[in-house]
Amino acid sequence: MNDDRWQYQVRIRLSPQYAEMARKEPQNAGLSSLDALLRKHDATIKCQFDAFADYVAEAEREGTQHYPLYRWTRETIENPAKEAKYLQAFTIYVHGAEVYDKALADALEADLVQLKARVSDAIIDISKFDTNPAHNPQPPTYDTP
52 MNDDRWQYQV RIRLSPQYAE MARKEPQNAG LSSLDALLRK HDATIKCQFD AFADYVAEAE
112 REGTQHYPLY RWTRETIENP AKEAKYLQAF TIYVHGAEVY DKALADALEA DLVQLKARVS
172 DAIIDISKFD TNPAHNPQPP TYDTP
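The numbering of the sequence shown is the working numbering, which starts it at 52 and goes up by one.
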């Protein structure tokens, strides 16, 4: 099967200390190695919890009926265990895009693996996902009253 038809996304999980730094002090010198790597790839990171909270706020502003993941996302950010998990999870955007070509994702992932080996206390995990629906969980369905 040809992987060229799918787009990819790289995510990282940071240690609690680095995750808080990345959210609250992104210019902190402790993040300089990660920042340099991101600049090399014209990439930025966004905390998944913050992205979820932004989605919920936008849905509530614009009308939740237009946001199919609203209920699941709201339940997620209101769950303390999931909040702790997603506060450490960061999505990497390349050229401002949430998903990108495999070659970009592969190069980014390779550099992150090297960075993780050098700065082992910052990055806990690196994951790469594709947009193939067969590889991704489907959104939950809820009965409507």
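Glycine included, C-beta positions come from ideal geometry on N, C-alpha and C. All figures in this text were calculated on a predicted structure; none of them were measured in a lab.
Residue environment, residue i, which counts as buried when at least 16 other CB atoms sit within 10 Å
| i | result |
| --- | --- |
| residue 156 | buried |
| residue 140 | buried |
| residue 151 | buried |
| residue 94 | buried |
| residue 61 | buried |
| residue 135 | exposed |
| residue 38 | Not covered by the structure: residue 38. The range shown for the chain is 52 to 196. |
| residue 92 | buried |
| residue 164 | exposed |
Backbone secondary structure at residue i - three-state DSSP
| i | result |
| --- | --- |
| residue 65 | strand |
| residue 137 | helix |
| residue 124 | helix |
| residue 171 | coil |
| residue 152 | coil |
| residue 118 | coil |
| residue 59 | strand |
| residue 185 | helix |
| residue 113 | helix |
| residue 99 | helix |
| residue 78 | coil |
Short Cβ contact (9 Å threshold) for residue i with residue j
| i | j | result |
| --- | --- | --- |
| residue 69 | residue 174 | yes |
| residue 160 | residue 179 | yes |
| residue 58 | residue 182 | yes |
| residue 144 | residue 103 | no |
9 Å Cβ cutoff, residue i in contact with chain C
| i | result |
| --- | --- |
| residue 139 | Of the chains in the structure shown, none is chain C; there is only one protein chain. |
Beta-bridge pairing of residue i - partner residues as DSSP gives them
| i | result |
| --- | --- |
| residue 145 | 94 and 148 |
| residue 180 | 60 |
Nearest-angstrom Cβ-Cβ length linking residue i and residue j, presumed shorter than 8 Å
| i | j | result |
| --- | --- | --- |
| residue 99 | residue 142 | 6 Å |
| residue 72 | residue 88 | At roughly 15 Å, the Cβ-Cβ gap does not stay under 8 Å, so residue 72 and residue 88 are not in contact. |
| residue 66 | residue 176 | At roughly 10 Å, the Cβ-Cβ gap does not stay under 8 Å, so residue 66 and residue 176 are not in contact. |
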